[in-house]
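Asker: So the sequence lines, in the order shown, correspond to chains A and B. Position one of the first sequence corresponds to residue 265 (my numbering), numbered consecutively onward. Position one of the second sequence corresponds to residue 265 (my numbering), numbered consecutively onward. For every residue, glycine included, the Cβ atom is placed at its ideal position computed from N, Cα and C.
Protein chains: 2
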Amino acid sequence: MNKKEVKLVEIGPRDGFQNVKEFIPTDVKLNVLKGLVSAGYKKIQITSFVSEKAIPQMKDAREITDYMLENHSDLDLFALVPNYYGAKSAWETGLREITPVMSLSETHNQANVRRSHDESINELKKIRDDFPEMKITQDIATVFGCPYEGKMEVGPLLELIGRMGEIGIDAITLCDTIGVAYPAQVEEVLDCVYKNFPDYEFNFHVHDTRNMGILNSYISIQKGINSVQTSIGGLGGCPFAPGATGNTASEDLIYLLEHDGYDTGIDFSKVLETAKYMKENINGNFSGHHINISVVQHGFN
Amino acid sequence: MNKKEVKLVEIGPRDGFQNVKEFIPTDVKLNVLKGLVSAGYKKIQITSFVSEKAIPQMKDAREITDYMLENHSDLDLFALVPNYYGAKSAWETGLREITPVMSLSETHNQANVRRSHDESINELKKIRDDFPEMKITQDIATVFGCPYEGKMEVGPLLELIGRMGEIGIDAITLCDTIGVAYPAQVEEVLDCVYKNFPDYEFNFHVHDTRNMGILNSYISIQKGINSVQTSIGGLGGCPFAPGATGNTASEDLIYLLEHDGYDTGIDFSKVLETAKYMKENINGNFSGHHINISVVQHGFN
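(1) Chain B partners of residue 448(A), CB-CB under 9 Å?
(2) I need the DSSP call for residue 520(A), collapsed to helix, strand or coil.
(3) Flag this pair as touching only if the region 375–384 of chain B and the region 316–334 of chain B have three or more C-beta atom pairs under 8 Å; answer yes or no.
(4) Going along chain A, which residues have a C-beta under 7 Å from residue 519(B)?
(5) Excluding the five sequence neighbours on either side, which residues of its own chain have a C-beta within less than 7 Å of the C-beta of residue 286(B), listed in chain order?
(6) Have a look at residue 422(B) and residue 425(A) and give me their C-alpha separation to the nearest angstrom.
(7) Could you tell me which of 348(A), 556(A), 375(A) and 469(A) sits nearest to residue 441(A), measuring between CA atoms?
(8) Count the C-beta pairs between the region 362–376 of chain B and the region 319–334 of chain B that are closer than 8 Å, then say yes if the count reaches three, no if not.
(9) Taking a cut of 7 Å between CB atoms, which residues from the region 367–388 of chain B lie near chain A?
(10) Starting from the Cα of residue 488(B), find the closest Cα among 310(B), 338(B) and 451(B) and give me that residue.
(11) For residue 517(A) and residue 494(A), which I take to be in contact (beta-carbon distance under 8 Å), what is that distance rounded to the nearest angstrom?
(12) Less than 6 Å between C-beta atoms, sequence neighbours within five positions excluded: which residues of the same chain meet that for residue 553(B)?
(13) Use the C-beta contact count for residue 266(B): other C-beta atoms within 10 angstroms, 16 or more gives buried, fewer gives exposed.
(14) Less than 7 Å between C-beta atoms, sequence neighbours within five positions excluded: which residues of the same chain meet that for residue 348(B)?
(15) Counting only C-beta atoms, is residue 555(B) closer than 8 Å to chain A at any point?
(16) Write down the C-beta distance between residue 555(A) and residue 475(B) rounded to the nearest angstrom, noting that I regard them as a contact closer than 8 Å.
(17) Counting only beta-carbon atoms, is residue 516(B) nearer than 8 Å to chain A?
(18) Do we get a CB-CB distance below 8 Å when we pair residue 345(B) with the residues of chain A?
(19) Have a look at residue 356(A) and residue 438(B) and give me their C-alpha separation to the nearest angstrom.
(20) DSSP three-state label for residue 535(B), please.
(21) Quick one: list the residues of chain A neighbouring residue 513(B), beta-carbon separation under 9 Å, in chain order.
(22) Give, in chain order, every unbroken run of the beta strand (DSSP E) that is at least 3 residues long and sits entirely within the region 340–405 of chain A.
(23) Just to make sure I have the definition right: I need the residues of chain A whose C-beta is within less than 8 Å of the C-beta of residue 479(B). Which are they?
(24) Are the beta-carbon atoms of residue 226(A) and residue 353(A) separated by less than 8 Å?
(25) Residue 513(B): which of 339(B), 540(B), 527(B) and 524(B) sits nearest, CA to CA?
(26) Check the DSSP bridge columns for residue 527(A) and list the partner residues they point to.
(27) Give the C-beta separation of residue 420(B) and residue 499(B) to the nearest angstrom, bearing in mind that I take them to be a contact with Cβ-Cβ under 8 Å.
(28) Sorted by chain position, which residues of the same chain lie with C-beta nearer than 8 Å to residue 416(A)'s C-beta, five sequence neighbours on each side aside?
(29) Going along the chain, which residues of the region 396–409 of chain B sit with their C-beta nearer than 7 Å to a C-beta in chain A?
(30) Within this structure, are the beta carbons of residue 343(A) and residue 329(A) separated by less than 8 Å?
(31) Excluding the 5 residues flanking residue 480(A) on each side, which residues of the same chain have their C-beta closer than 6 Å to its C-beta?
(32) Can you check which of these residues, 297(B), 433(B) and 491(B), is closest to residue 364(B) by C-alpha distance?
(33) Taking only beta-carbon atoms, is residue 494(A) less than 8 Å away from chain B?
(34) Taking 8 Å as the threshold (beta carbon to beta carbon), is residue 453(B) in contact with chain A?
(35) Determine the extent of the alpha helix (DSSP H) in which residue 231(A) is found, giving its start and end residues.
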């Protein structure tokens, strides 16, 4: 039987690291990135180009990017950018894919990037116009629920994706920012977006706040999502839920998928080894089961 | 739209408590049980009738059972028993449902209850013969994998269920003792057992060792399992995986199912309240996300 293929995207070096208070030395970050590359990852969100004042953890964005582009230009490397200035910095380092952020919930968009929807769309248009060769993979936050507005609806999501399509956004990442999505909702949203935008690339980014990250990731894969994002060691957090876990842990999802008949193209043991290196060298909130507990038993990792 | 019904069985007062080293005062145990009853649980595994020397935590089995039968005889109350002696004790207190334990893996059966398969079946037959009015819901451990023998196969499982059927066992609980099952395996096993024993009651008991408890529970519900067992607060452990998490956390699964359109008949907030009481009063390994982190946001518990 042929294995089903699934594309996993690692975002720990951005979403995980950015939630660690203590500065992680650049060489530790690079060691993690090297581990991810050696494990077989083809696409990694390596950093974000943000204000050093806002997120000091990301102040080595340029150094990280330089190293990765010099040594691993064959991979899909991308970075998060909160605004035009970030997009420009990313372009200047030589990166050719960025992730701007905008929330489906306008209240959350104001809280997160201090812009109305119209202002965010205008900023995005400016990025699109000035960097026509850049792949723009747009994060849409709070797609399934918002800490201020509650459950979100599909109608406004489709409208927002339509506006993004008009200005030439290349791909969309649907984000469950606070980890409230449930299977029936994930199915409904994915059915709607693929029906309305059949030629688009859609990716899934889910936080594990309520222990539904693995399940919802699994559901999105069943629905044929283009890629699923996870964070090694489950490293991360959520500014709106103190103590909350981060994204789905990469090693847990890889373990599941490899056993369930999928080909992830990623070496579980190397990811676990890298996660263990992180736990020893980074003082953060690791929520991955495989890294947090001893589960080595006969025939099972 | 009518909600789909699903039957959840709470096993924390047995599987959870028994993994706590420090003795939990009987009144704390009873307060947890009262909380579960007030939350709407209809079926609870309240204790186990085991040797006090082997598991001192369960030494108040009789007191717990007396209280529950006196005050909540309308509920389905049951206890785990490792042998004939335990079954006799349970019968004498007035309980009318028990869970003997036997492992699909013969190596694990020897380690766990020090018997061969034949010896376990003989013991079971003796229980069946002497207590014909007792409902026997048999736990089959290591159905999906064994710490000694590795992955388990469906053939020997069907054979074992057949032997149990011949001696008049009333229901079967399929246990993923070390938390290694994956969706395709859960689907295969459930398809096989329901095909071969269409009139049987099958229940599902899964440990969350590798963060697949919620997903596998969800899959078993999709497959029409008769009931799913969970442990409040995710309290528990596994003797073969030090530091491992317990069963799927009741409150996490209830949260998921209620959002996903199921009627569990259980009040999430009362379960969460009870889980919080436990965390304050019991020094154990709580793995439930809802109890361990603050996730209260607009419109979401």
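Answerer: Looking at the coordinates:
(1) 523, 524 and 525
(2) Judged by DSSP in its simplified three-state form, residue 520(A) adopts helix.
(3) no
(4) Ordered by position in chain A, the residues that pass the 7 Å Cβ test against residue 519(B) are 474.
(5) Taking C-beta separations shorter than 7 Å and ignoring five residues to either side along the sequence, the partners of residue 286(B) in its chain run 547, following chain order.
(6) 51 Å
(7) 469(A)
(8) no
(9) none
(10) Taking only the C-alpha atoms, the option nearest residue 488(B) is 451(B).
(11) 5 Å
(12) 516
(13) Answer is exposed; the Cβ neighbour count stays below 16.
(14) 387, 390 and 391
(15) no
(16) About 11 Å separates the two Cβ atoms, so there is no contact after all.
(17) yes
(18) No, residue 345(B) lies away from the interface with chain A (no Cβ there is under 8 Å from its Cβ).
(19) 58 Å
(20) In this structure, residue 535(B) counts as helix in the three-state DSSP scheme.
(21) 475, listed in chain order.
(22) Counting whole runs of 3 or more residues, the region 340–405 of chain A contains the beta strand (DSSP E) stretches 340–345, 361–367 and 399–405.
(23) 478, 479, 482 and 520
(24) Nothing in the structure corresponds to residue 226(A), since chain A is present only between 265 and 565.
(25) Looking at 339(B), 540(B), 527(B) and 524(B), the one whose alpha-carbon comes closest to that of residue 513(B) is 540(B).
(26) 269(A)
(27) The pair is not a contact, with the Cβ atoms about 31 Å apart (cut-off 8 Å).
(28) 368, 369, 406, 407, 408, 409 and 410
(29) 409
(30) yes
(31) 445, 450 and 470
(32) Per the Cα distances, 433(B).
(33) Chain B contact via Cβ: absent.
(34) no
(35) Nothing about residue 231(A) can be read from this structure; chain A reaches only from 265 to 565.
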